[in-house]
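Numbering-wise, the sequence shown is residues 629 to 969 according to the working numbering.
Right, one structure below, let's go through it.
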Amino acid sequence: MATATTHQDRPPLVSVTPQGLYCQAGNFHIDPWRPVERALVTHAHGDHARSGSKRYLGARAGLGLLQRRLGADAVIDTLEYGETLKVGDTTVSFHPAGHVLGSAQIRVEHRGEVWIISGDYKRTPDPTCAPFEVVRCHTFITEATFGLPIFRWDDPRLVAQDILRWWDANREAGRSAVLFCYALGKAQRLLAELGKLTDRPAYVHGAVNGLVTAYREAGIAMLPTQLVSETEKGTSFAGALVLAPPSAAGSTWMRRFGEAETGFASGWMRVRGNRRRRGYDRGFVLSDHADWPDLLRTVADTQAEKVLVTHGYTDPLSHYLRERGVDASPLATPFEGEAED
Ligand SMILES: [Zn+2]
Ligand SMILES: [Zn+2]
């Protein structure tokens, strides 16, 4: 009697090719870094959604952001979270990743074998996107942007209160408060958290503004905003809060704010010395990625037999998991690990 082959005997359902993560059974790529026939995309950040592919498939909640990112000509199909689609010999579905608006983990099923490709994810509450959903799988591809034990996040509501106190203090001193943050996701999350504490409008840089519009179109409640470049010449920004991407720091764009304090909202602010090295007056620890305890918790929650680690601290996380009996190994990809988060 022949013994049934188990999925462990089969070639990997998803593997790395020069174009990106590839699923042969479904003949599609996931977050490919080169143009392909069919790209399944986890979310709209630049290292995951790249233009040039023939067709895209993403979660419907992220459609507006994907259109902005991939251009008006891109052919983008969408699925609701949890909705399934047959692609080749596989069944695929998208499940909330809690990272940014529309972000998804991609579930791929083939002959009873299930893989989850997490993209980027977090477990802390975020009013701008659906919360992370635990999905059981045989193989879990996890990110490791903050895959070191030093990375632990505080309650984001406390961080928002801190930011409001900083804004208030600058306001009383007649200064503007320029808060640098990742333009896609972090800026809108900050505006949403602050919107629970105050209704004072905030100013935004042009790189932030279009994305704020996309979030508003998706029905996300945020502070009222005004585009800096649309203010009249000579407008005083004393007492104002301004949100801008890190690339604007130190640029001539900053001159209009006169006396200003600068801050940076990022998971990287957890590392002592990063704030000073980058020349910010204040650092606020707020990340759109899982911290160390949540990476470990998520790996356990999926009940995966095998874990592949990509993005960031792949070696420390896979080493730690292996020492605890988890079959984990790094998966080499060119994903950048989001230096701006
Ligand atoms: Zn991302
Ligand atoms: Zn990423």
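Glycine is no exception: its CB is placed at the ideal position from the N, C-alpha and C atoms.
Quick caveat: nothing in here was measured; it's all calculated off a predicted structure.
- DSSP places Ile-848 outside both helix and strand once states are collapsed to three, so it counts as coil.
- CA-CA distance, Val-840 to Thr-863, rounds to 22 Å.
- Sequence-distant Cβ neighbours of Thr-942 in its own chain, meaning closer than 6 Å and more than five residues away, are Ala-772 and Pro-958.
- With respect to the 8 Å criterion, Leu-668 and Leu-693 are not classified as neighbours on the basis of their beta carbons.
- Uninterrupted alpha helix (DSSP H) stretches at least 4 residues long and entirely within the segment 822 to 877 occur at 834 to 845, given in chain order.
- With three or more CB-CB distances shorter than 8 Å, the segment 742 to 752 counts as touching the segment 911 to 929.
- With respect to Ser-804, Val-870 sits close: the two C-beta atoms are nearer than 8 Å.
- Check the Cα spacing between Phe-779 and each of His-673, Ala-846 and Gly-940: the tightest is with Gly-940.
- Taking C-alpha positions only, Ala-672 is separated from Leu-729 by approximately 9 Å.
- Boundaries of the beta strand (DSSP E) harbouring Gln-733: 732 to 738, taken from the DSSP string.
- When DSSP assignments are scanned along the segment 660 to 702, the uninterrupted stretches of beta strand (DSSP E) that are 3 or more residues long and fall wholly within it turn out to be 666 to 668 and 683 to 687.
- In the pairwise beta carbon analysis, the segment 941 to 956 is classified as not touching the segment 807 to 826: fewer than three pairs are separated by under 8 Å.
- Phe-722 has its alpha-carbon roughly 20 Å from the corresponding atom of Ala-842.
- Counting along the chain, Arg-910 sits inside no alpha helix (DSSP H); it lies in the beta strand (DSSP E) bounded by residues 910 to 912.
- Here the distance from the Cβ of Asp-782 to the nearest heavy atom of ligand 1 is not below 7 Å.
- Going by DSSP, Asp-943 is part of the alpha helix (DSSP H) stretching over 942 to 951.
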